[in-house]
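Asks: My questions all concern the structure below.
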Amino acid sequence: MVSVNEISVHFGGRTLFEEISFLINKQDRIGLAGRNGAGKSTLLKIIAGEQTADSGEVTKPNNCTIGYLPQDMTHQPGKTVFDETASAFTEVQALEKKIAHVNEQIATRTDYESDEYMQLIHDLHDYSERMNHLGGYSLHADIESTLLGLGFERTDFNRNTEDFSGGWRMRIELAKLLLRKPDLLLLDEPTNHLDIESIQWLEDFLKNYFGAVLMVSHDKAFLDNITTRTIEITMGRIYDYKSNYSKYLLLRKERKESQIAAAKNQQKYIDKTKVLINKFRAKKDKAAFAQSLIKKLDKLEVVEVDEEDTSSLKFKFPPAPRSGRLVVMAEDAKKQYGDHLIFSHVNFRIDRGDRVAFVGRNGEGKSTMSRIIVGEEKCDGELKVGESVDIGYYAQNQAEILNGKLTVLETIDEVAKGDSRKNVRAILGSFLFSGDDVFKQVQVLSGGEKGRLAMCKLLLQPHSLLVLDEPTNHLDMRSKDVLKTALSQYDGTLILVSHDRDFLQGLTNRVFEFRHGNVKQHMGDINEYLRDRKVGSFRQIETEVRTEKIEVKSEQPEAKEENKQKEKDLKQFQHQIARTEKQIEKLEAEIKVIDEKLSNPEHYQQTVSDKDFFANYENLKKQLEEEMKKWEELQGKLV
Numbered sequence: 011m012v013s014v015n016e017i018s019v020h021f022g023g024r025t026l027f028e029e030i031s032f033l034i035n036k037q038d039r040i041g042l043a044g045r046n047g048a049g050k051s052t053l054l055k056i057i058a059g060e061q062t063a064d065s066g067e068v069t070k071p072n073n074c075t076i077g078y079l080p081q082d083m084t085h086q087p088g089k090t091v092f093d094e095t096a097s098a099f100t101e102v103q104a105l106e107k108k109i110a111h112v113n114e115q116i117a118t119r120t121d122y123e124s125d126e127y128m129q130l131i132h133d134l135h136d137y138s139e140r141m142n143h144l145g146g147y148s149l150h151a152d153i154e155s156t157l158l159g160l161g162f163e164r165t166d167f168n169r170n171t172e173d174f175s176g177g178w179r180m181r182i183e184l185a186k187l188l189l190r191k192p193d194l195l196l197l198d199e200p201t202n203h204l205d206i207e208s209i210q211w212l213e214d215f216l217k218n219y220f221g222a223v224l225m226v227s228h229d230k231a232f233l234d235n236i237t238t239r240t241i242e243i244t245m246g247r248i249y250d251y252k253s254n255y256s257k258y259l260l261l262r263k264e265r266k267e268s269q270i271a272a273a274k275n276q277q278k279y280i281d282k283t284k285v286l287i288n289k290f291r292a293k294k295d296k297a298a299f300a301q302s303l304i305k306k307l308d309k310l311e312v313v314e315v316d317e318e319d320t321s322s323l324k325f326k327f328p329p330a331p332r333s334g335r336l337v338v339m340a341e342d343a344k345k346q347y348g349d350h351l352i353f354s355h356v357n358f359r360i361d362r363g364d365r366v367a368f369v370g371r372n373g374e375g376k377s378t379m380s381r382i383i384v385g386e387e388k389c390d391g392e393l394k395v396g397e398s399v400d401i402g403y404y405a406q407n408q409a410e411i412l413n414g415k416l417t418v419l420e421t422i423d424e425v426a427k428g429d430s431r432k433n434v435r436a437i438l439g440s441f442l443f444s445g446d447d448v449f450k451q452v453q454v455l456s457g458g459e460k461g462r463l464a465m466c467k468l469l470l471q472p473h474s475l476l477v478l479d480e481p482t483n484h485l486d487m488r489s490k491d492v493l494k495t496a497l498s499q500y501d502g503t504l505i506l507v508s509h510d511r512d513f514l515q516g517l518t519n520r521v522f523e524f525r526h527g528n529v530k531q532h533m534g535d536i537n538e539y540l541r542d543r544k545v546g547s548f549r550q551i552e553t554e555v556r557t558e559k560i561e562v563k564s565e566q567p568e569a570k571e572e573n574k575q576k577e578k579d580l581k582q583f584q585h586q587i588a589r590t591e592k593q594i595e596k597l598e599a600e601i602k603v604i605d606e607k608l609s610n611p612e613h614y615q616q617t618v619s620d621k622d623f624f625a626n627y628e629n630l631k632k633q634l635e636e637e638m639k640k641w642e643e644l645q646g647k648l649v
């Protein structure tokens with residue numbers, strides 16, 4: 011379907027690609043692998059037509075459409091979420107106008123046999139066929155289901171796009187792209203701003219997508235669940251594996267081991283052959299044999315072992331200055347945006363040396379609490395930061411708010427102070443910015459490079475408290491490991507927001523769970539927290555439906571007592587109703603006997619002569635009326 015033919019790209023004296031070629035087939039599910047800066051995003055841009063290669067070409071059929079979701083994008087303000095998403099259907103909207111115009115013409119014309127009239131009929135058919143192919147007749151339903159799948163509420167549809175964070179606006183762009191239904195989807199880190207529910211929805215969508223998918227992602231589970239092919243970019247070359255990411259790692263290891271073994275065996279053969287050549291070349295009767303061996307060696311195709319890219323981050327956080335014992339304390343904290351309550355009645359205390367993980371679904375207030383702690387937002391109630399607490403903050407969108415016009419060196423140089431200015435180049439080198447890379451403008455960096463640069467800024471000044479909101483976004487697998495090692499050695503107080511269980515494991519000793527407007531504390535690391543919650547992964551926690559709020563209430567002590575009382579009251583009502591029903595049956599039976607006597611002429615004369623008979627009869631009917639009224643009241647309480 012799409013052919014990449016001998017693409018080469020050179021940048022700043024470095025070879026990014028050297029004559030790489032591969033074919034993208036219909037319904038392929040391909041993951042691009044490679045370290046940050048290997049050229050994954052560049053390759054997507056070249057295939058999308060947004061960047062040109064130094065040599066080579068990308069070919070595709072004329073009717074093949076390509077949709078591209080970059081890591082960074084500009085957003086147009088002034089539209090509602092629904093209207094902005096509907097702008098994906100520019101062709102559909104144009105067709106709607108054309109169909110309306112043709113229908114109007116057909117309704118008003120009477121020249122049914124004319125060529126012009128027949129042409130209108132043909133045009134209407136063609137427009138309708140195209141409309142049907144594009145799914146235009148289910149436009150509103152498709153927009154709604156896609157937005158809901160990506161985490162929006164129906165109440166969000168009429169809100170302006172500028173009311174949302176960059177992450178949510180990225181979801182709008184993703185919705186627009188998916189709704190266009192291109193033959194090839196190019197996705198660059200599509201899960202960076204999605205919570206687990208939305209990631210699962212996207213997984214299901216991509217699994218069943220009619221076209222091909224080529225994507226970059228550092229979410230191993232996401233890649234494993236979708237891809238069936240992995241293309242690795244390393245040292246300017248590519249290796250194509252017919253497997254998902256996890257299996258690719260094993261196959262790559264086997265390939266390297268096989269190459270090493272083959273190279274060793276070949277070298278043994280070469281060494282033995284050279285010994286024979288040296289032994290026989292001086293002998294006249296063996297000279298011809300020695301020459302034949304020399305020719306064999308000259309023709310021998312040398313087994314090459316792939317050069318391994320061993321570059322990785324090398325850093326550690328500066329020693330933390332000592333702060334007071336109290337670092338952060340919340341007392342009855344509450345945050346609300348308009349009528350939307352984020353959390354309330356939040357109480358906690360974080361002391362010097364604590365290492366806390368904020369976990370929970372997107373929208374529960376983890377990032378909001380982080381911004382309140384660092385002073386970017388206010389809240390009701392009290393949130394106090396202790397004495398001598400110096401905060402280092404990595405925002406979830408930290409990479410997005412860097413000044414794109416500055417160079418890498420200028421970005422660091424403008425915040426470096428004192429002796430750290432002397433070490434700027436060394437610090438940048440530890441974050442894989444070396445040589446001419448430091449003179450690149452930030453706007454041309456990949457998402458991973460921007461993330462590394464933003465993290466680098468944190469090293470320029472020691473902090474007693476680090477607040478890191480999703481710091482692993484855009485980082486490759488190796489960089490995540492290096493960051494985790496650096497954080498494990500950090501000697502200050504740590505607050506870490508993350509959905510990544512593997513990354514959190516062993517880094518924290520307390521877990522704050524943000525859930526349904528409350529914050530619940532769990533002692534221990536992330537594994538102990540998951541055991542407490544009796545689940546095996548974040549995926550189970552974060553996909554709990556919102557209707558679980560009713561169930562959550564029953565977990566609280568007050569709710570348990572209330573439920574016990576309700577069960578007790580229910581049993582009492584049931585017993586009272588049963589007793590009342592028996593009494594009603596008894597009274598009805600007695601009244602029936604009296605009614606039979608009154609209806610029998612022989613007994614009538616005897617009964618009327620008994621002066622107490624009718625008094626007893628009226629009393630029984632009154633009792634029955636009271637019991638029936640009581641029964642109705644009990645039934646009402648039971649309901």
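So this note's numbering is basically just the index in the sequence shown, starting at one, shifted up by 10. The beta carbon of each residue, even a glycine, is placed where N, CA and C say it ideally should be.
Please state if the CB of Ser380 and the CB of Ser474 are separated by a distance shorter than 9 Å.
Replies: No. Outside cutoff.
Asks: Within 10 angstroms of the Cβ of Gln582, are there 16 or more other Cβ atoms? Answer buried if so, exposed if not.
Replies: So Gln582 ends up on the exposed side.
Asks: Would the segment 238 to 248 and the segment 32 to 44 be scored as touching if the rule is three or more Cβ pairs under 8 Å?
Replies: Yes, the segment 238 to 248 touches the segment 32 to 44.
Asks: From Leu26 to Lys296, what does the alpha carbon distance come to, in whole angstroms?
Replies: Cα to Cα, Leu26 sits roughly 50 Å from Lys296.
Asks: Which whole-angstrom value describes the C-beta separation of Ala48 and Ser18, a residue pair presumed to lie in contact below a C-beta threshold of 8 Å?
Replies: At roughly 15 Å, the Cβ-Cβ gap does not stay under 8 Å, so Ala48 and Ser18 are not in contact.
Asks: Would you report the Cα separation of Val448 and Val226, rounded to the nearest angstrom?
Replies: Approximately 24 Å, taken between the alpha carbons.
Asks: Note down the Cα distance separating Glu628 from His526, rounded to an integer number of angstroms.
Replies: Cα to Cα, the separation comes out at about 60 Å.
Asks: Can you list, in chain order, the stretches of the beta strand (DSSP E) that have 3 or more residues and sit fully within the segment 284 to 360?
Replies: Qualifying beta strand (DSSP E) stretches, in chain order: 336 to 347.
Asks: Which residue spans inside the segment 183 to 224 form an unbroken alpha helix (DSSP H) run of at least 4?
Replies: List check, alpha helix (DSSP H) in window: 206 to 217.
Asks: To which residues does DSSP link Tyr78 through a beta bridge?
Replies: Paired residue(s): Leu196.
Asks: Taking Ala436 as part of the alpha helix (DSSP H), name the residues at either end of that continuous run.
Replies: Its alpha helix (DSSP H) spans residues 434 to 440.
Asks: For Phe524 versus Gly370, is the C-beta spacing smaller than 9 Å?
Replies: In contact: Phe524 and Gly370 (Cβ atoms closer than 9 Å).
Asks: From Ile34 to Met11, what does the alpha carbon distance come to, in whole angstroms?
Replies: C-alpha separation (whole angstroms): 6 Å.
Asks: CA-CA distance, Val425 and Gly66?
Replies: Rounded to the nearest angstrom, the two C-alpha atoms are 42 Å apart.
Asks: If you draw a straight line from the alpha carbon of Lys422 to that of Cys466, how long is it in whole angstroms?
Replies: The identity of residue 422 in the sequence shown is Ile, whereas the question assumes Lys. Spanning the two alpha carbons is a distance of roughly 8 Å.
Asks: Inspect the beta-carbon positions of Gln276 and Arg291 and report whether they are closer than 9 Å.
Replies: For Gln276 and Arg291, no; Cβs fall outside 9 Å.
Asks: Does the beta-carbon of Pro87 have 16 or more other beta-carbons within 10 angstroms, so that it is buried, or is it exposed?
Replies: So Pro87 counts as exposed.
Asks: So what's Gly23 in DSSP terms, helix, strand or just coil?
Replies: Three-state DSSP puts Gly23 in coil, outside helix and strand.
Asks: Sorted by chain position, which residues of the same chain lie with C-beta nearer than 7 Å to Leu286's C-beta, five sequence neighbours on each side aside?
Replies: Leu303, listed in sequence order.
Asks: Identify the continuous alpha helix (DSSP H) that holds Val68 and give its terminal residues.
Replies: Here Val68 belongs to no alpha helix (DSSP H); instead the beta strand (DSSP E) covers 65 to 69.
Asks: May I ask you to report which of helix, strand or coil DSSP gives Leu42?
Replies: Looking at Leu42 - three-state DSSP - the assignment turns out to be strand.
Asks: Which runs of the beta strand (DSSP E) spanning at least 3 residues fall entirely within the segment 516 to 547, listed in chain order?
Replies: Segments of the beta strand (DSSP E) lying fully in the segment 516 to 547: 520 to 525, 528 to 533.
Asks: What is the DSSP secondary structure of Gly402, reduced to helix, strand or coil?
Replies: Strand, per DSSP.
Asks: Can you check DSSP and say which residues form a bridge with Asp479?
Replies: According to DSSP, Asp479 bridges with Val507.
Asks: Okay, do the segment 480 to 499 and the segment 207 to 223 touch, 3+ Cβ pairs below 8 Å being the bar?
Replies: Judged by Cβ distances under 8 Å, the segment 480 to 499 makes no contact with the segment 207 to 223, as fewer than three pairs qualify.
Asks: With three or more C-beta pairs closer than 8 Å as the rule, is the segment 391 to 408 touching the segment 430 to 443?
Replies: Touching, no.
Asks: Buried or exposed: His484, going by 16 or more other Cβ atoms within 10 Å of its Cβ?
Replies: The residue in question, His484, is buried, as its Cβ has 16 or more Cβ neighbours within 10 Å.
Asks: According to DSSP, is Glu637 part of a helix, a strand, or is it coil?
Replies: Glu637 falls in the helix class under three-state DSSP.
Asks: Tell me the DSSP secondary structure of Ser377 in three-state form.
Replies: Residue state, collapsed to three classes: helix.
Asks: Is it a yes or a no for the segment 380 to 391 touching the segment 531 to 545, going by three-plus beta-carbon pairs under 8 Å?
Replies: Flag = no, the segment 380 to 391 and the segment 531 to 545 do not touch.
Asks: Let's see if you can read the secondary structure: which residues bound the beta strand (DSSP E) around Leu393?
Replies: Counting along the chain, the beta strand (DSSP E) containing Leu393 begins and ends at 390 to 395.
Asks: Over what stretch of residues does the alpha helix (DSSP H) that includes Ile131 continue unbroken?
Replies: From DSSP, the alpha helix (DSSP H) with Ile131 extends over 125 to 143.
Asks: Determine the direct distance from the alpha carbon of Arg119 to that of Ala222, and round the result to whole angstroms.
Replies: Roughly 46 Å separates the two Cα atoms.
Asks: Answer with buried or exposed for Lys632, where buried requires no fewer than 16 other C-beta atoms within 10 angstroms of its C-beta.
Replies: Answer is exposed; the Cβ neighbour count stays below 16.
Asks: Any chance the segment 146 to 160 sits against the segment 52 to 63, with 3 or more Cβ pairs inside 8 Å?
Replies: Flag = no, the segment 146 to 160 and the segment 52 to 63 do not touch.
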